[in-house]
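What follows is one structure encoded as structure tokens, with my remarks underneath.
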Ligand SMILES: [Zn+2]
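In our numbering, the protein residues as written are -12 to 469.
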């Protein structure tokens, strides 16, 4: 019998607000353990939470970017559980009345585009961290992460393969990055996913029993976990056994999961409306204002690059990978340079160098406008491509203004007739043999003389102008002698 995978994700993303969700503590990764917390975020008795307005704005932004309906009134709820990472023994989340309802994310897959439905997006607080085996055999508790604002994006079980699951998660990450509500650093846990997996015979419409793997924090782990879990369930069914609904722990090093505990139901958490917080009201004006602030989303931008600007899909993909890279490309174009040249300098020259040095566009000491000015210098033949590459290398080290760098590095192109003819005269005078070869019809000799003339111009001549001037000098001289 052949089975199909049915998968749904619950994605947690930490919001990159300056302060935490209920208090004024700094919202930042790391720090000395238990230094970024106060009585409110650690939930000491009597402490009262006050909702951070930015959290609501960020959540609405995420909801709009994923085509959700924004609830005019949503309610915080207590989710009760005991675990040492949450001293107050409950997490403040949302339950019956979440902030964003419905919605979808369009995902590219090898089978074509797919629309993955979103059930809801709600806001909640993050918990602290338990450090196992960090000190002797005990477990240490770091509460710095308590009260870090989260959104949970609950997706419908619409995913049908591990590839689709991974691509969906990438699409969500890309959107959250583009709208700047989360730093989406998976290695720091800013974005992580709980993965629900079941299988069913192809053609069956009812859902099979699902298992859940929590807190996967890389695309690779998600893809491998889905495949391994589907395989495990298939083996169970083939052996005439049943899949048990449970939470399983994925071990990415071993490439396998193990059962942890029976899956909790909502009723196990004894949810009730949070008595210390008022309902959250979002007006249509709020929604309209936040909608107006939304930037062009990556998928729309890619479509525009391909459809309107005529950029190859693979290049459009690279140019829209991150907010920093897409913004940089827009700034290059804003300098009025040609699209083709702008793409080449971004993708081949800049990304090529970033790849080999392992750096990212976000922390370069220069911006897209600078790169655009450099491209404009090349287009105007004021700097030749070879010199421009040297200027780009300098920009990447220290930043600066391309025109001034060209001057100070002595790289302004030799493009005046006088400068070119001096270089050509020097080359011809020093290479009599090549000159004779050219006269006797050797095409190769022209290339050699061109190289010599470029050398004589200190590598700074505009190749097109130099080539034309050399051609004229040779043919002119040849005619004169004949
Ligand atoms: Zn605090």
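For glycine and all other residues, C-beta sits at the position ideal for the given N, C-alpha and C. Owing to the predicted nature of the structure, the values given are computational and were not obtained by experimental measurement.
Worksheet item: Whose C-alpha, out of 28, 33 and 32, is nearest the C-alpha of residue 39?
Response: 28
Discussion item. Could you compute how far the alpha carbon of residue 400 sits from the alpha carbon of residue 56?
Written reply: 57 Å
Practice prompt. Just mark residue 395 as buried or exposed, buried being the case when its beta carbon has 16 or more other beta carbons within 10 Å.
Written response: exposed
Discussion item. For the beta strand (DSSP E) containing residue 235, name the first residue and the last one.
Written reply: 233 to 238
Item to complete: With DSSP collapsed to three states, give me the class of residue 456.
Response: helix
Worksheet entry | For residue 358 and residue 332, believed in contact at Cβ under 8 Å, the rounded distance | 6 Å
Worksheet item: Count the other CB atoms within 10 Å of the CB of residue 64; is the residue buried (16 or more) or exposed (fewer)?
Response: buried
Worksheet item: Can you give the beta carbon distance from residue 200 to residue 235, rounded, assuming they're within the 8 Å contact cut?
Response: 5 Å
Worksheet item: Which residue from 23, 18, 0 and -1 puts its Cα closest to that of residue 10?
Response: 23
Worksheet item: Hey, would you say residue 398 sits closer than 8 Å to residue 456, going by beta carbons?
Response: no
Worksheet entry | Residues of its chain near residue 315, where Cβ-Cβ distance is below 6 Å and the 5 sequence neighbours each way are ignored | 348 and 355
Item to complete: Could you tell me whether the Cβ of residue 49 comes closer than 8 Å to any Cβ of chain C?
Response: Any reference to chain C falls outside this structure, which holds one protein chain only.
Practice prompt. Could you tell me whether any non-hydrogen atom of ligand 1 is closer than 7 Å to the CB of residue -6?
Written response: no
Worksheet item: Could you name the residues, in chain order, whose CB is less than 6 Å away from a heavy atom belonging to ligand 1?
Response: 7, 10, 12, 24, 25, 27, 28 and 134
Practice prompt. Compare the beta carbon distance of residue 404 and residue 370 with 8 Å and say whether it is the shorter of the two.
Written response: no
Practice prompt. Go ahead and label residue 37 buried or exposed: buried means 16 or more other beta carbons lie within 10 angstroms of its beta carbon, across all protein chains shown.
Written response: exposed
Worksheet item: In the DSSP assignment, what residue or residues form a beta bridge with residue 179?
Response: -1
Worksheet item: Excluding sequence positions up to five away, which residues of its chain have a Cβ less than 7 Å from the Cβ of residue 282?
Response: 165 and 166
Discussion item. On a Cα-Cα basis, can you pick out the residue from 273, 294, 231 and 306 that is closest to residue 185?
Written reply: 231
Item to complete: Return the first residue and the last residue of the beta strand (DSSP E) that residue 66 is part of.
Response: 63 to 67
Item to complete: Report the rounded CA-to-CA distance for residue 49 versus residue -9, giving the unit in angstroms.
Response: 31 Å
Worksheet item: Would you say residue 366 and residue 339 are within 8 Å of each other, going by their C-beta atoms?
Response: no
Practice prompt. Quick one: which unbroken alpha helix (DSSP H) runs of 4-plus residues sit fully inside the region 286 to 326? Chain order, please.
Written response: 300 to 306 and 310 to 320
Worksheet item: When DSSP builds the beta bridges, which residues end up paired with residue 94?
Response: 101
Discussion item. If we require 3 or more residues per run, which beta strand (DSSP E) segments fall completely within the region 12 to 68?
Written reply: 63 to 67
Fill in: Own chain partners of residue 82 with C-beta closer than 6 Å, once the 5 adjacent residues on each side are dropped
64 and 258
Discussion item. With a threshold of 6 Å on Cβ separation, who are the neighbours of residue -2 within its own chain once the five nearest residues in sequence on each side are excluded?
Written reply: 140, 159 and 180
Discussion item. What does the alpha-carbon distance come out to for the pair residue 345 and residue 2?
Written reply: 26 Å
Practice prompt. Could you check what DSSP says for residue 70 in three-state terms: helix, strand or coil?
Written response: coil
Item to complete: Return helix, strand or coil for residue 147, following the three-state DSSP convention.
Response: coil
Worksheet entry | Rounded C-alpha distance that separates residue 88 from residue 106 | 6 Å
Discussion item. For residue 431, which residues in the same chain have their Cβ closer than 8 Å to its Cβ, ignoring the five residues on either side in sequence?
Written reply: 424
Worksheet item: What's the C-alpha gap between residue 458 and residue 437?
Response: 9 Å
Worksheet item: Exposed or buried, what is residue -5 when buried is set at 16 or more other beta-carbons lying within 10 Å of its beta-carbon?
Response: buried
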